[in-house]
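Chains A and B, in that order, are what the protein sequence lines are.
So this note's numbering is basically just the index in the first sequence, starting at one, shifted up by 20.
So this note's numbering is basically just the index in the second sequence, starting at one, shifted up by 150.
Structure first, commentary second.
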Amino acid sequence: GAVVSQHPSRVICKSGTSVKIECRSLDFQATTMFWYRQFPKQSLMLMATSNEGSKATYEQGVEKDKFLINHASLTLSTLTVTSAHPEDSSFYICSARGQGSYNEQFFGPGTRLTVL
Amino acid sequence: GDSVTQMEGPVTLSEEAFLTINCTYTATGYPSLFWYVQYPGEGLQLLLKATKADDKGSNKGFEATYRKETTSFHLEKGSVQVSDSAVYFCALSRNANTGNQFYFGTGTSLTVIP
């Protein structure tokens with residue numbers, strides 16, 4: 021099956037710093053990537069959808085200037101949490117969708133972000 | 151708006167026990183319904199899905215039937231194994247494959263003990 025990786029798996033940072041999370045599709049080309057956020061004991065919430073080469077579409081209530089998404093290639097999307105604060109601490113999960121037999125969402129393992 | 155409600159865990163069962171994880175949904179129209187599984191340290195994997203009413207999704211001994219009259223999509227397995235220990239997510243989507251409007255439940259943690 022299709023494999024999606026995320027890096028790092030865990031990150032701890034100080035308040036006010038920026039953190040970049042990478043999402044890669046390892047064995048297929050991802051025309052669309054999705055970023056989700058999961059709070060403890062809560063649902064995964066879609067943050068944004070990005071298509072390769074174009075700007076991301078953010079869900080209502082998600083600050084695009086705070087959560088910068090770049091989808092510069094068909095195998096890589098990045099989420100940068102800018103000026104992180106403790107309330108940004110969460111589990112971030114990406115998914116990727118390709119074409120043909122890869123036309124469904126394949127999820128990454130997630131990144132645990134802790135902001136001190 | 152659209153939403154998914156699934157039973158809270160954690161659920162602990164003995165090996166070979168019967169499993170039911172309840173899932174109900176709220177949606178307008180005719181969404182597609184999914185169960186995803188997340189094993190420790192891994193990403194979400196699609197376990198099964200159903201795209202229309204009365205459809206039954208099945209995989210690896212797990213089953214779920216799309217019940218529009220009760221707006222439910224309960225996950226069942228007749229005899230669980232230790233290897234089934236994972237977190238299970240119920241989800242709905244308006245479009246079976248685009249997933250642009252995926253709504254997930256909170257997840258139910260299952261532990262199967264020998």
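Backbone N, C-alpha and C fix where the C-beta goes; we use that ideal spot for every residue, glycine too.
For residue 198 of chain B, no Cβ of chain A is located within less than 8 Å of the residue's own Cβ. In this structure, residue 258 of chain B sits near residue 156 of chain B, with a CB-CB distance shorter than 8 Å. Interface criterion not met: the Cβ of residue 80 of chain A is under 8 Å from no Cβ in chain B. Judged by DSSP in its simplified three-state form, residue 189 of chain B adopts coil rather than helix or strand.
In the DSSP annotation of this structure, the continuous segment of the beta strand (DSSP E) that includes residue 69 of chain A starts and ends at 64 to 71. According to the DSSP assignment, residue 156 of chain B belongs to the beta strand (DSSP E) that extends over 153 to 156.
Around the beta-carbon of residue 180 of chain B, fewer than 16 other beta-carbon atoms lie within 10 Å, marking it exposed. Only those residues of the stretch 123 to 134 of chain A whose C-beta falls short of 9 Å from the nearest C-beta of chain B are listed: 123, 124, 125, 126, 127, 128, 129 and 130. Close to residue 61 of chain A, with beta-carbon spacing below 9 Å, are these residues of chain B in chain order: 158, 256 and 257. Between residue 112 of chain A and residue 136 of chain A, the CB-CB gap reaches or exceeds 8 Å. Where residue 207 of chain B is concerned, the enclosing beta strand (DSSP E) starts and stops at 206 to 209. Fully enclosed beta strand (DSSP E) runs of no fewer than 3 residues occupy 64 to 71, 87 to 93, 96 to 101 and 110 to 117 of the stretch 54 to 124 of chain A, in order along the chain. Contact between the stretch 160 to 175 of chain B and the stretch 98 to 114 of chain A is not established, with fewer than three Cβ pairs separated by less than 8 Å.
The Cβ neighbour count for residue 184 of chain B, taken over all protein chains shown within 10 Å, is at least 16; the residue is labelled buried. Against chain A, the CB of residue 223 of chain B has no partner CB under 8 Å away; the residue lies outside that interface.
Contact between the stretch 229 to 241 of chain B and the stretch 159 to 169 of chain B is established, with three or more Cβ pairs separated by less than 8 Å. Taking 8 Å as the cut-off, the beta carbon of residue 130 of chain A is found no closer than this to the beta carbon of residue 43 of chain A. Within the same chain, and ignoring the five residues on either side of residue 59 of chain A in sequence, the residues whose Cβ sits closer than 7 Å to its Cβ are 110. In the DSSP secondary-structure assignment, residue 27 of chain A is bridged to A/42.
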